[in-house]
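Using this note's numbering, read the sequence shown as starting at 47 and increasing by one per residue. Built from N, CA and C at the ideal position, the CB exists for glycine as well.
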Amino acid sequence: MSRLFAFGLGYSAGALAARLKDKGWDIAGTARDQANIERLGANGYGLARFAGEPGNREVAQLLHGTTHLLHSIPPGPGGDPVLAHYREEIAALGSLQWIGYLSTVGVYGDQQGRWVDETTPPAPNSERTEARVEAEQAWLGFGEE
């Protein structure tokens, strides 16, 4: 069975999760607070709290069997919280087939109306978008390991 684990089951990741659940996928992931965990849990998702801090064994347990991983949490002051705290667990997943990272078009800076796609070089123009580019590069590096 296909299993999506979403770090940050917010609006965008939640929309994908709902579509995949309808197709028979198993869904698990994280939310920042108990209210969201309860709301999302009503959909039959496996959930754990994660707001960027280390040490939640529930998250590590829910990762088991993940075939598709989606990451939609913005980087914090210390960089990407998912790689910082769950890198080893993700690397050990023998079932993993795909990783998706939801970033922001802000990493391309002000393109003055020009078309932007994945071949456009990043041109971050704020600390927030610089952190996103660093997180993207960290995930690309992780994928090459």
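Nearest-angstrom beta carbon gap, residue j and residue i [assumed within contact, 8 Å]
| i | j | result |
| --- | --- | --- |
| Gly92 | Ala74 | 4 Å |
| Gly116 | Gly146 | For the sequence presented, residue 116 should be read as Leu rather than Gly. Yes, Leu116 and Gly146 are in contact; Cβ-Cβ is about 5 Å, under 8 Å. |
| Asp72 | Arg49 | 4 Å |
Cβ-Cβ distance between residue i and residue j below 8 Å
| i | j | result |
| --- | --- | --- |
| Ala77 | Arg95 | yes |
| Arg16 | Gly152 | Summary: the structure shown does not reach residue 16, with the chain confined to residues 47 through 191, and so no result is reported for it. |
| Glu53 | Thr112 | In the sequence under discussion, the amino acid at residue 53 is Phe, which differs from the Glu named in the question. No; because the gap between Cβ atoms is not below 8 Å, this pair is not in contact. |
| Tyr132 | Ala169 | no |
| Pro123 | Glu180 | no |
| Ala184 | Leu129 | yes |
| Lys69 | Asn89 | no |
| Thr150 | Thr175 | yes |
Span separating the alpha-carbon of residue i from that of residue j
| i | j | result |
| --- | --- | --- |
| Ala97 | Ile119 | 9 Å |
| Ala137 | Ala63 | 22 Å |
| Asp126 | Ala59 | 17 Å |
| Gln143 | Val162 | 27 Å |
| Gly155 | Asn171 | 6 Å |
| Glu99 | Arg85 | 22 Å |
| Ala114 | Met47 | For the sequence presented, residue 114 should be read as His rather than Ala. Going from the Cα of His114 to the Cα of Met47 covers about 11 Å. |
| Glu191 | Glu134 | 12 Å |
| Phe188 | Gly101 | 20 Å |
| Glu182 | Glu173 | 14 Å |
Coarse secondary structure for residue i, derived from DSSP in three states
| i | result |
| --- | --- |
| Gly125 | strand |
| Leu108 | helix |
| Tyr91 | coil |
| Gly98 | coil |
| Trp161 | coil |
| Gly146 | strand |
| Gly75 | strand |
| Leu186 | helix |
| Leu62 | helix |
| Pro86 | One detail in the question is off: residue 86 reads as Leu in this sequence, not Pro. In this structure, Leu86 counts as helix in the three-state DSSP scheme. |
| Ala138 | coil |
| Ala40 | The structure shown does not extend to residue 40, since the chain spans only 47 to 191, so no value can be given for it. |
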